[in-house]
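Heads up, the thing below is written out as C-alpha cells.
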Amino acid sequence: MVFVITGPSGVGKGTLIRALLQQVPELELSVSATTRHARPGETQGVHYHFLADEEFQRRFDAGEFVESAGYSGRRYGTLRSELEDRVQAGRSVVLEIELQGARQVRETVPDAVQIFIAPPTPDTLRLRLVGRGTDSSDDIERRLGVAESELAARDEFAYVVVNDRLEEAVARLVEIVRGEMTGRPVPSTE
Ligand code: 5GP
Numbered sequence: 056m057v058f059v060i061t062g063p064s065g066v067g068k069g070t071l072i073r074a075l076l077q078q079v080p081e082l083e084l085s086v087s088a089t090t091r092h093a094r095p096g097e098t099q100g101v102h103y104h105f106l107a108d109e110e111f112q113r114r115f116d117a118g119e120f121v122e123s124a125g126y127s128g129r130r131y132g133t134l135r136s137e138l139e140d141r142v143q144a145g146r147s148v149v150l151e152i153e154l155q156g157a158r159q160v161r162e163t164v165p166d167a168v169q170i171f172i173a174p175p176t177p178d179t180l181r182l183r184l185v186g187r188g189t190d191s192s193d194d195i196e197r198r199l200g201v202a203e204s205e206l207a208a209r210d211e212f213a214y215v216v217v218n219d220r221l222e223e224a225v226a227r228l229v230e231i232v233r234g235e236m237t238g239r240p241v242p243s244t245e
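Numbering (our numbering), first residue to last: 56 to 245.
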C-alpha cells in the first residue's frame, strides 16, 4: 500500500511520521530527492537524496520521478526506485510530499491512501517555523504563503488529522494506517 502524507510546512509532519514509523515498523519511508541544501543534521540518502539542479533535471528527463514539484524555489520529487520495488514486493510505503505531488500521485496511484495533516489554527505554523530555526525569514514567508493554498485543499484528502496534541495525532494516524492495512478503514473524520 502507498500512504501519502501532506500538510503545510511547520505542521509537524516529520515528527508525526517518525512516531508512526516506530509504531508501525512494517511501514517504509520513501526518501525524496531535492535540490535544496541539507540542513544541519540532515544526511545524504537518509533525509533526502540531495541533488544538484542538473542532476535533478537529468533524472526528470529520464522519467525517473513518480511525481515532482517546485516548492519555495527548490525542486522535490519521489524517485520510482524508492517506490516500485517495494510496492511490487507487497510492502507499504509512506510518501511525505507537498500538495502538487499529492495531486499527481492521486492520478498515477489512485489506490494510495491520502492523509492531510492540519494545524489546530493557522497561527501555529508561523510559531513552529520560527521556533524550529532552520529556515531563513524569506523562506518562512514563502512557506506560509504556500500554506494558505495547502490548507484550502484539505477536503481533497481521504483523511484529515489535526496535529494539536501530538500523542493524539499519532494515535489517530496509526489508527488510520492500521485500519487501511487490515482492510478495516476507520471513519475519515475525527
Ligand atoms: P522541506 O524543505 O521542509 O524538507 O520540505 C518542503 C516541502 O516539500 C514539504 O511540504 C515536504 O512535504 C515536501 N516534499 C518533500 N519531499 C517531497 C517529494 O518527494 N515530492 C514533493 N512533491 N514534495 C516533497
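C-beta: ideal position from N, C-alpha, C; glycine also.
Note that the structure is predicted; figures quoted are calculated from it, not measured.
Can you list, in chain order, the residues of its chain whose CB lies under 8 Å from that of residue i, leaving out five sequence neighbours each side?
i: R181; result: G65, I195, L199
i: R197; result: S127, G128
i: P175; result: V217, N218, D219
i: F120; result: A88, R114, G132, T133, L134, R135
i: Q99; result: A93, F105
i: L184; result: S64, G65, D190, I195, R198, L199
i: G69; result: E151
i: E235; result: M56, F58, V168
Quick one: is residue i buried, meaning 16 or more other Cβ sit within 10 Å of its Cβ, or exposed?
i: T89; result: buried
i: Q159; result: buried
i: S123; result: buried
i: G273; result: The first residue shown for the chain is 56 and the last is 245, placing residue 273 beyond what the model contains.
i: S85; result: buried
i: R227; result: buried
i: A144; result: exposed
i: E205; result: buried
i: E81; result: exposed
i: L221; result: exposed
i: E137; result: buried
Could you tell me which of the options sits nearest to residue i, measuring between CA atoms?
i: V225; options: Q77, E211, L71; result: L71
i: R73; options: A157, V149, S243; result: V149
i: E211; options: G125, E110, R161, L138; result: R161
i: R130; options: Q112, D116, R141; result: Q112
i: A207; options: P177, D116, V229, M236; result: P177
i: G188; options: L75, A157, G96; result: G96
i: A107; options: V101, D116, A117, R91; result: R91
i: V179; options: E203, V241, D193, A157; result: Residue identity check: residue 179 is Thr in the sequence provided, not Val. For the residues E203, V241, D193, A157, the minimum Cα distance to T179 belongs to E203.
i: L75; options: T237, R239, V232; result: V232
So, for residue i: in the same chain, excluding its five sequence neighbours on each side, which residues have a beta-carbon less than 6 Å away from its beta-carbon?
i: S243; result: A213, Y214
i: V57; result: V148, V164, A167
i: Q77; result: none
Skipping 5 residues on each side, what residues in its chain have a beta carbon closer than 7 Å to that of residue i?
i: R141; result: E83, V148
Checklist entry - Given 8 Å as the limit, is there contact between the stretch 62 to 78 and the stretch 140 to 156, that is, 3 or more CB pairs closer than that? => result These segments touch.
Next on the checklist: Please give me, in chain order, every unbroken run of the beta strand (DSSP E) with length at least 3 that falls completely inside the stretch 157 to 202.
Outcome noted: 168 to 173
Next on the checklist: My parser needs the alpha helix (DSSP H) runs of 4 or more residues fully inside the stretch 61 to 129; what are they?
Outcome noted: 68 to 78, 108 to 116
Next on the checklist: At 4 residues or longer, what runs of the alpha helix (DSSP H) sit wholly inside the stretch 210 to 237?
Outcome noted: 221 to 236
Item to check | beta strand (DSSP E) runs wholly inside the stretch 135 to 160, at least 3 long, in chain order | outcome: 147 to 151
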